[in-house]
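Take a look at the structure set out below.
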Amino acid sequence: MKVRGVILKTELSGLLPELRERRALVRQGVIRPVGQWYVTAEAPADLVAVLGQGLRPTCLDAAALHGLWVPPSQGVHVYRPRATGDTVTGLALTPIRRRREARSGQLVPREDAATGRLCAPEPAVLHGSGLRSWPDSEPVPGIIMTLQHAARCQSLVYAAILIESALEQGALRRAELHQVFEPLPGRLRESLSRVRSDAQSGTETAVRWWLEQRGVPVRSQVQILRGVRVDLLVGNTWVIECDSRQFHDDPLQYQRDRERDLALAARGYRVTRLTWEQVFITWENTTQMLQEILRRREHRRALPAA
Numbered sequence: 000m001k002v003r004g005v006i007l008k009t010e011l012s013g014l015l016p017e018l019r020e021r022r023a024l025v026r027q028g029v030i031r032p033v034g035q036w037y038v039t040a041e042a043p044a045d046l047v048a049v050l051g052q053g054l055r056p057t058c059l060d061a062a063a064l065h066g067l068w069v070p071p072s073q074g075v076h077v078y079r080p081r082a083t084g085d086t087v088t089g090l091a092l093t094p095i096r097r098r099r100e101a102r103s104g105q106l107v108p109r110e111d112a113a114t115g116r117l118c119a120p121e122p123a124v125l126h127g128s129g130l131r132s133w134p135d136s137e138p139v140p141g142i143i144m145t146l147q148h149a150a151r152c153q154s155l156v157y158a159a160i161l162i163e164s165a166l167e168q169g170a171l172r173r174a175e176l177h178q179v180f181e182p183l184p185g186r187l188r189e190s191l192s193r194v195r196s197d198a199q200s201g202t203e204t205a206v207r208w209w210l211e212q213r214g215v216p217v218r219s220q221v222q223i224l225r226g227v228r229v230d231l232l233v234g235n236t237w238v239i240e241c242d243s244r245q246f247h248d249d250p251l252q253y254q255r256d257r258e259r260d261l262a263l264a265a266r267g268y269r270v271t272r273l274t275w276e277q278v279f280i281t282w283e284n285t286t287q288m289l290q291e292i293l294r295r296r297e298h299r300r301a302l303p304a305a
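To convert, note that position 35 of the sequence shown is 34 in numbering that gives the first Met the number 0; the numbers rise steadily by one, no gaps.
Structure follows, in structure tokens:
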């Protein structure tokens, strides 16, 4: 995957064969050398820090640069050919995380929720690689390799979150799934084969997979009232809406959500709205309460007559 402001030195040499031209650009501050690369002011600082260590991002960090919905985690995931070294002991880097601006649609660095600043450095997590050389001249691996690394590194649900996000956003086509799955162990391939392409957030994927693993009947993105599509319909009457973190401070979205909830309740549906924190921070406590609702089998009752 190409990134604006980053080019391999050998590629720039092909475009500008004259050494004096390249040196002039460096003197003028248009570009600067970073390891095997030249970068401009447009280059993302967190990515440049990784490249400067002779590494490239992968797994969750590469997924963020691809614009995928990335679940919370620790560490900065990187890789390099095994011929160039095997350890990154003691190396700490800034996690590569992105959010999409509502107005422009552009990906921008995601700040730490507590400080409002870029995330603090975290230990590098080196992915094993059988490669003896870099696969291409691009600073970020393609979506196939990114998802393969994630599937081997992350939990089953986290891998599903990334794959479903890639499918929903069009970064990956269903016809390409076999390329992601091909090198994976058979049991993992089988488990991931039920990924969907309509999940609107990682919270939705995580909750749906938890229900499916327990044999609970659940459907995604169901239109049950005119103009009202819900994230999950469990059984006959239990609607679960999975809030994405980006909507927390949007008063208009908050109002619309509550109007929908009231319309659904008036029709006889039970509505449960789960926040990002309930799914990824306090999930153990959340599942205990979800299991209690399932135990009462309220989701199986019929809707009242219209």
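In this text, a Cβ means the ideal position worked out from N, Cα and C, and glycines have one as well.
For residue i, does the count of other Cβ atoms within 10 angstroms reach 16, so buried, or fall short, so exposed?
i    : result
P32  : exposed
L232 : buried
H65  : buried
S103 : exposed
R218 : exposed
L268 : Rather than Leu, the amino acid found at residue 268 in this sequence is Tyr. It counts as buried.
E240 : buried
Y253 : exposed
At which residues does the alpha helix (DSSP H) containing residue i begin and terminate?
i    : result
Q147 : 142-152
W209 : 201-212
P250 : 250-266
A123 : Note, A123: premise wrong, no alpha helix (DSSP H); beta strand (DSSP E) at 121-126.
W196 : Note that residue 196 is Ser in the sequence shown, not Trp. From DSSP, S196 is part of no alpha helix (DSSP H); its letter is neither H nor E.
W282 : 282-294
I22  : Note on identity: in this sequence residue 22 is Arg, with Ile being the wrong assignment. Taken as a continuous stretch (DSSP letters only), the alpha helix (DSSP H) holding R22 covers 18-26.
V38  : Careful: V38 lies outside any alpha helix (DSSP H), inside the beta strand (DSSP E) at 36-38.
A48  : 44-50
H177 : 176-180
First and last residue of the beta strand (DSSP E) that includes residue i?
i    : result
V233 : 227-233
T9   : From DSSP, T9 is part of no beta strand (DSSP E) but of the alpha helix (DSSP H) over 8-14.
S219 : 217-224
H76  : 75-78
V33  : 31-33
What does DSSP give as the partner residue(s) for residue i in the beta ladder?
i    : result
A91  : P122
E240 : R272
R97  : P108
R173 : Answer is none; R173 lacks a bridge partner.
P56  : V77
So which of the options has the shortest CA-CA distance to residue i?
i    : options                : result
G234 : R207, A101, P80        : R207
E276 : D256, A101, A205, L166 : A205
V69  : R272, L59, Q27         : L59
G127 : H76, L106, R98, R299   : H76
L302 : L90, A264, D242        : A264
T281 : G226, T202, S136       : T202
Q178 : Q105, L161, L50, I143  : I143
R131 : P43, E167, R19, Y78    : Y78
Q287 : R172, W209, Q153, A119 : W209
V124 : I239, E181, A61        : A61
E211 : W36, R225, V194        : V194
In three-state terms, what does DSSP make of residue i?
i    : result
H298 : helix
E110 : strand
V156 : helix
L117 : strand
R188 : helix
V2   : coil
R131 : coil
Using 7 Å as the limit for Cβ to Cβ distance, is residue i near chain D?
i    : result
P108 : Reference to chain D is not applicable here, since this structure consists of a single protein chain.
Given 6 Å as the limit, tell me if residue i has its C-beta closer than that to any heavy atom belonging to the ligand MN.
i    : result
A198 : In the structure shown, the ligand MN is absent, as is every other ligand, since no ligand is present at all.
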